Amino acid sequence: MEAALACFGDQLVAANGKPTVIGVGEVRDYTGKYSINEGNAITQGGSLMVFSALGKIGGPLRIAERFDPTIAERELGYTDRRQLGNGLVHEVNGERVPWLPYFGGTIAQSDYYIVGGITEVNYNIRSGGAQVTINNLGPEARVFTQSVAIDLRIVDTRSLLVLKTVSLTKQFTGYEIGAGVFRFFGTELFDINIGAKGQEPLQLGIRTALEEGVLRLVASVKDLDPSICMSQKLDTIPSEAADELRGRSLPADRSDKSANAGSEQLSLAPTVPSVAPVRSLNEAVGAGAAAATSLLQIGFEFGDANLMSSAQPVLDMAVRLASERTVSLLLVARDTETWDPARRDALLDQRIANLVSALTNRGISSSEFRVTWRPSSVDTAIYRDGPGFQELARVEIRKIE
Numbered sequence: 317m318e319a320a321l322a323c324f325g326d327q328l329v330a331a332n333g334k335p336t337v338i339g340v341g342e343v344r345d346y347t348g349k350y351s352i353n354e355g356n357a358i359t360q361g362g363s364l365m366v367f368s369a370l371g372k373i374g375g376p377l378r379i380a381e382r383f384d385p386t387i388a389e390r391e392l393g394y395t396d397r398r399q400l401g402n403g404l405v406h407e408v409n410g411e412r413v414p415w416l417p418y419f420g421g422t423i424a425q426s427d428y429y430i431v432g433g434i435t436e437v438n439y440n441i442r443s444g445g446a447q448v449t450i451n452n453l454g455p456e457a458r459v460f461t462q463s464v465a466i467d468l469r470i471v472d473t474r475s476l477l478v479l480k481t482v483s484l485t486k487q488f489t490g491y492e493i494g495a496g497v498f499r500f501f502g503t504e505l506f507d508i509n510i511g512a513k514g515q516e517p518l519q520l521g522i523r524t525a526l527e528e529g530v531l532r533l534v535a536s537v538k539d540l541d542p543s544i545c546m547s548q549k550l551d552t553i554p555s556e557a558a559d560e561l562r563g564r565s566l567p568a569d570r571s572d573k574s575a576n577a578g579s580e581q582l583s584l585a586p587t588v589p590s591v592a593p594v595r596s597l598n599e600a601v602g603a604g605a606a607a608a609t610s611l612l613q614i615g616f617e618f619g620d621a622n623l624m625s626s627a628q629p630v631l632d633m634a635v636r637l638a639s640e641r642t643v644s645l646l647l648v649a650r651d652t653e654t655w656d657p658a659r660r661d662a663l664l665d666q667r668i669a670n671l672v673s674a675l676t677n678r679g680i681s682s683s684e685f686r687v688t689w690r691p692s693s694v695d696t697a698i699y700r701d702g703p704g705f706q707e708l709a710r711v712e713i714r715k716i717e
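Residue 447 in my numbering sits at position 131 of the sequence shown, with consecutive numbering throughout.
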């Protein structure tokens, strides 16, 4: 499913959908199959496989940790007791303190979560074979089939309504062939057997079924057609991971259709456009001319409208890239910025004005610059962008003709 998941990630980006935060709950083994000699017949790591599937999709998906928040809860406890520090001195109510202040609201809420389980394992649902022996000499062959099934559902975190369920079955085929001789040659007794046998790996099959289930569930809540990418499933394990396949797995004609479908959806309901994952400056430069657009990141200090010194080389690079392609800039700040909408918008206006001024000084006219997304005046959500950061706005420098 590596190519299919990478393709679906590209499809999400092309659809320009709102960034979505998804959590993962229990995906347990409900088969009850256990051997005293070999332990559980079915993997106990279904939830971890679902986490990995979401990570392979990437794009505008954000994964919320809800499965094992133990460390985070402990650190929040240390913070509440004023025991946690980061080696810096902080100012709280006019006093300088060594402990880390915490005012709440740093944990991102989720939009949906996925739960379910592995519900079937059926041994030897079909088998057959043949053996022919003449004078204790002859071949044999045998084939058999077993199956597993998974049941998953995606739930709206706010309403607890189940939005979509999937039930998938994976069949496994095994074979065994051989030939042997057991007879006397003269006074010597010969017992010779040769052969081969093989079976599809059971746990890998479960992972494949879970990955397909995740793809179908996310496609349902994002209102996309999963069949566009399901055709890219492979019969063998690929040599490249989903991250390496991203950007070239979605067929060109399908990409255009996904983008148009996303535009139609945006016209019906105001949603936040999504972009490809933010890359560092070195990665953006290394992408070369193969990319249709380049995405660079501009950071701002807490409550400060001035451009950071590190933004200057990024802007220089953006101007150079704009001579070849459209360049997207992502404005970010610390996720501890939790202003009310009015103050947030006023600060954002100043930041965008400073950015426009810096670009104008570099020869970019106002006609080549536009804001592609910013939160609405009533939007109080925080759009996370990796640990400790939030997205403020997205702007675009059109290709300089």
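We put the beta carbon where it would ideally sit given N, CA and C, even for glycine.
The structure presented is a predicted model; accordingly, all values stated were derived computationally and were not measured.
| query | result |
| --- | --- |
| Sequence-distant residues of the same chain with beta carbon closer than 7 Å to residue 512, five excluded per side | 493 |
| Simplified DSSP assignment, three categories, for residue 655 | coil |
| Beta-carbon proximity list for residue 408, same chain, < 7 Å, skipping 5 on both sides | 417 |
| Outcome for residue 624 when other beta-carbon atoms lying within 10 angstroms are tallied against a minimum of 16 | exposed |
| Alpha carbon of residue 436 to alpha carbon of residue 485, nearest angstrom | 8 Å |
| heavy atom of the ligand NAP below 7 Å from residue 504 C-beta | Absent from the structure shown: the ligand NAP. Ligands present: none. |
| C-beta neighbour in chain D for residue 357, strict 8 Å | The structure shown has no chain D; it contains just one protein chain. |
| Length at least 3, wholly inside the segment 414-473: the beta strand (DSSP E) runs in chain order | 428-447, 453-472 |
| Buried/exposed call for residue 508, threshold 16 Cβ in 10 Å | exposed |
| Counted within 10 angstroms of its Cβ, other Cβ atoms place residue 412 as buried (16 or more) or exposed | exposed |
| Rounded separation between residue 661 and residue 464 - CA only | 53 Å |
| Range of the contiguous beta strand (DSSP E) that encloses residue 628 | Premise fails: residue 628 lies in the alpha helix (DSSP H), 627-638, not in any beta strand (DSSP E). |
| Where residue 675 falls: helix, strand or coil (DSSP) | helix |
| Beta-carbon spacing of residue 549, residue 320 below 8 Å | yes |
| Secondary structure of residue 339, DSSP reduced to three states | strand |
| Nearest neighbour of residue 439, chosen from 403, 629, 515 [CA to CA] | 515 |
| Chain-order list of residues whose beta-carbon lies under 7 Å from that of residue 573 (same chain, five-residue window excluded) | Note that residue 573 scores 46 on pLDDT, short of 50, meaning its location in the model is unreliable; the coordinates nonetheless yield the value given after this. For residue 573, where only same-chain residues beyond five positions count, there are no Cβ hits under 7 Å. |
| Residue 694 versus 686, 710, 656, residue with shortest Cα-Cα distance | 656 |
| When 399, 419, 428 are compared against residue 338, the one with the closest alpha-carbon | 428 |
| Beta bridge counterpart(s) of residue 513 as assigned by DSSP | 492 |
| Cβ distance (whole Å) where residue 529 is taken to contact residue 471 below 8 Å | So it is not a contact: roughly 14 Å between Cβ atoms. |
| Member of 628, 710, 388, 715 whose CA lies at the smallest distance from the CA of residue 668 | 710 |
| Distance between residue 517 and residue 697 (C-alpha atoms, nearest Å) | 44 Å |
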